[in-house]
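Everything below concerns the one structure shown next.
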Amino acid sequence: MNSFSVKQLFTFEKTPLNLLMAFITIGLLAAFAAGAVAYLIHGHHAYNVTRQHPWGLLISMYVFFVVSSTGLCIISSIGHVFGIPEFQQIGKRAIAGAIITISSGFAVIGLEIGHPMTMVIYNVLTPGLTSAIWWMGTLYGLYLAFICMEFFFLAIKENHKLSKFFGIGGLLVGLAAHSNLGAVFGFLISRPSANGVFYPVYFILSAMITGCYLVFLMYGFRYKMNFPEKVTVMLTKLSKILGMLLAVLIFFEIWKILTALYGDMPERAATILHTIKHPNFWFGEVILGMLIPFTIILLSNAKAIKATIYASITGMIGIFFMRYDLVHDTLIYPMTMLKRSEYQLPPTFLEYFPSPAEFAVGFGGIGLCLFLYYIADKVFNLDESHSH
Amino acid sequence: MARYGMALNYKNCINCRACETACKEENGVLLGRDNYRIWVGVKEAEGEFPNISIMSQVYHPSQCQHCDNAPCQQVCPTNATYYDENHVVRVNPTKCILCTYCINACPYDARYVDNRTVTVDKCNFCSDTRLANGETTTACQATCPTKVRVFGDLDDPKSEISQLLATKEYRRVKEHLGTEPKLFYIL
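Protein chains in written order, with the working numbering: chain P, 71 to 458; chain H, 205 to 391.
Dropping the structure here:
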């Protein structure tokens with residue numbers, strides 16, 4: 071741990087980038103607070119969720135944060151769990167990021183779940199063991215405990231053996247939790263476009279990609295694009311891993327779409343056809359999330375580190391669209407196709423756009439992440455210990 | 205203990221919606237776009253004037269199907285959704301955390317958020333308001349002017365519903381999902 075005072079905590083070099091980040095962080099934190107107040111006053115009426123579209127942006131953002139956390143945990147484990155030397159320097163920074171992102175995810179979901187205290191009580195008293203949400207929530211709680219212990223033994227009381235022990239535990243529980251999060255959607259027999267094995271597997275893959283993007287962004291900001299040789303070597307190798315993961319993701323997506331469209335199966339084919347025509351998919355997910363980073367890595371033979379860091383920004387925007395579409399596309403097909411009142415057209419694909427309160431809480435969660443990361447960077451030494 | 209279900213002579217439905225009104229009145233369902241336990245779906249007549257197929261217009265009364273293998277019950281993380289002693293799918297508002305996973309999981313759009321308890325609510329075959337008082341009919345059944353609905357114990361071979369299902373052809377909605385719904389639409 072670094073020695074610090076409150077004054078030191080809020081003192082930073084006034085570069086344009088730092089000031090911009092400070093303004094963004096404060097703005098997003100204020101938005102989070104405003105959204106939280108709106109929710110506490112109006113409940114779910116502050117959100118644009120409906121009976122037919124009961125989940126919205128906040129579930130997407132929760133998934134976004136926990137995907138980020140699991141991804142950082144997986145990527146960090148390359149170094150200090152699997153022992154690849156170049157990646158050991160990531161450990162503390164990535165695990166700090168994993169704790170921060172999952173905490174932000176819990177903060178966001180806390181403002182979406184109607185009765186979080188009831189959840190804490192009855193998750194224990196009357197557990198629904200057939201529920202993917204129960205397993206996901208319980209395992210994520212355990213995962214948070216593991217990675218906190220891992221960070222404690224990495225950054226506060228250095229103990230390589232124990233940090234590795236908790237690292238392995240965190241990785242395994244995190245993988246289980248995260249695939250259960252995929253199963254939350256995959257188990258929905260009522261939603262043919264989501265039902266099946268795809269999501270539990272895809273979630274792990276997209277988590278690893280998210281973890282790579284975030285490591286690039288954290289290191290880009292940490293070293294202000296002037297990387298020491300050791301970091302350049304690590305980022306080049308990470309870039310190759312990212313390229314391979316993106317190729318696998320593109321392959322997965324193509325086959326998911328083809329199998330969904332093939333045979334024109336009722337509900338599933340129409341849903342997928344509708345969603346792939348939307349700019350959220352082809353621009354957000356495909357171009358921003360996959361093709362821009364993949365093309366840069368491919369054309370530069372994974373050597374264009376700076377370009378890859380900029381591409382990680384588009385990559386994270388793409389990841390956001392992947393999470394948003396995951397929720398929206400799953401719910402887009404109405405469960406009943408008969409009209410219910412006289413002055414109504416027959417139901418068609420559902421419309422949903424988040425309310426200002428949903429935007430405030432959901433994107434405000436990013437402010438929480440930035441703020442907590444800033445504090446963590448001040449309080450702890452997140453670089454590799456023996457280099458200092 | 206009974207295993208309650210409902211048969212619907214849906215071709216007799218005249219879309220008067222007395223059942224919707226009776227349900228709201230009996231169970232105190234609040235007004236509002238999304239607040240309804242039962243409804244009548246309307247499939248409009250097909251074709252263009254003058255060749256309109258009158259037979260293609262269908263009124264389809266619907267509600268919770270009280271599945272024997274209910275997806276909403278399986279996905280509930282706190283077992284707030286449960287089968288009561290009469291195999292009616294019920295929600296315990298004390299345990300409901302309002303994650304709304306059950307609303308996503310229900311293939312029949314049968315669930316909504318009750319703003320009185322701020323928990324998920326649904327049809328319970330008038331368990332609290334009528335069955336608990338020893339009555340053997342539901343409000344929607346009692347009020348229907350064309351006697352669309354027949355409610356009763358599926359495990360009792362002498363009950364009206366069992367007799368009806370033994371002699372008539374019927375279909376169930378989205379049966380292919382394996383939910384084993386207990387609403388039977390008489391053909």
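Glycine residues also receive a C-beta, built at the ideal position from the N, C-alpha and C atoms.
Check	Outcome
Assigned secondary structure, H264/H (DSSP; H/G/I helix, E/B strand, else coil)	strand
Closer than 8 angstroms at the beta carbon, the chain H residues around T406/P	G245, S266, Y312, D313
Nearest neighbour of G244/P, chosen from V137/P, I342/P, P124/P [CA to CA]	V137/P
Minimum length 4: unbroken alpha helix (DSSP H) runs contained in the region 144-201 of chain P	161-180, 186-195
Members of the region 234-260 of chain H near chain P, C-beta cut-off 9 angstroms	R237, D238, N239, Y240, W243, V244, G245, V246, K247, E248
Min CB distance G198/P to chain H below 7 angstroms	yes
Sub-7 angstroms separation of A168/P and S139/P beta-carbons	yes
Within-7 angstroms CB hit, L251/P to chain H	no
Bridge partner(s) assigned by DSSP for G356/H	G209/H
Per DSSP, the bridge partner or partners of W204/P	Answer is none; W204/P lacks a bridge partner.
Alpha-carbon spacing of A116/P relative to H123/P, whole angstroms	14 angstroms
Cutoff 6 angstroms; reference A446/P; Cβ partners in own chain excluding five residues on either side	A166
For Y403/P, three-class secondary structure by DSSP	coil
Residue-level contact to chain H via CB, M189/P, 7 angstroms cutoff	yes
Opposing strand residues paired with T285/H [DSSP bridges]	V295/H
I390/H: contacting residues in chain P (beta-carbon distance under 8 angstroms)	Simply none; closest approach about 18 angstroms.
Residue-chain proximity (P124/P, chain H), Cβ-Cβ < 7 angstroms	yes
Own chain partners of A206/H with C-beta closer than 6 angstroms, once the 5 adjacent residues on each side are dropped	N290, D357
Per DSSP, the bridge partner or partners of V317/H	V324/H
Cβ contact (3+ pairs, closer than 8 angstroms) linking the region 234-244 of chain P and the region 137-156 of chain P	yes
For G245/H: DSSP bridge partner residues	H264/H
Where the beta strand (DSSP E) through L361/P begins and ends	Premise fails: L361/P is in no beta strand (DSSP E) and is neither H nor E.
Proximal residues, the region 269-284 of chain H versus chain P, C-beta separation under 9 angstroms	P275, Q277, Q278, V279, C280, P281, T282, N283, A284
Proximal residues to A264/P (C-beta, below 6 angstroms), its chain only, five neighbours per side dropped	F255, L258, T400
Cβ of A309/H within 7 angstroms of any chain P Cβ	yes
Beta strand (DSSP E) segment containing I390/H, residue limits	387-390
Cross-chain neighbours of Y305/H in chain P, by beta carbon under 8 angstroms	S201, I203, V254
Secondary structure of S375/H, DSSP reduced to three states	Reading the sequence as shown, one finds Arg at residue 375/H and not Ser. R375/H: strand per DSSP, three-state reduction.
Straight-line gap, T323/H to F134/P (C-alpha atoms, nearest Å)	26 angstroms
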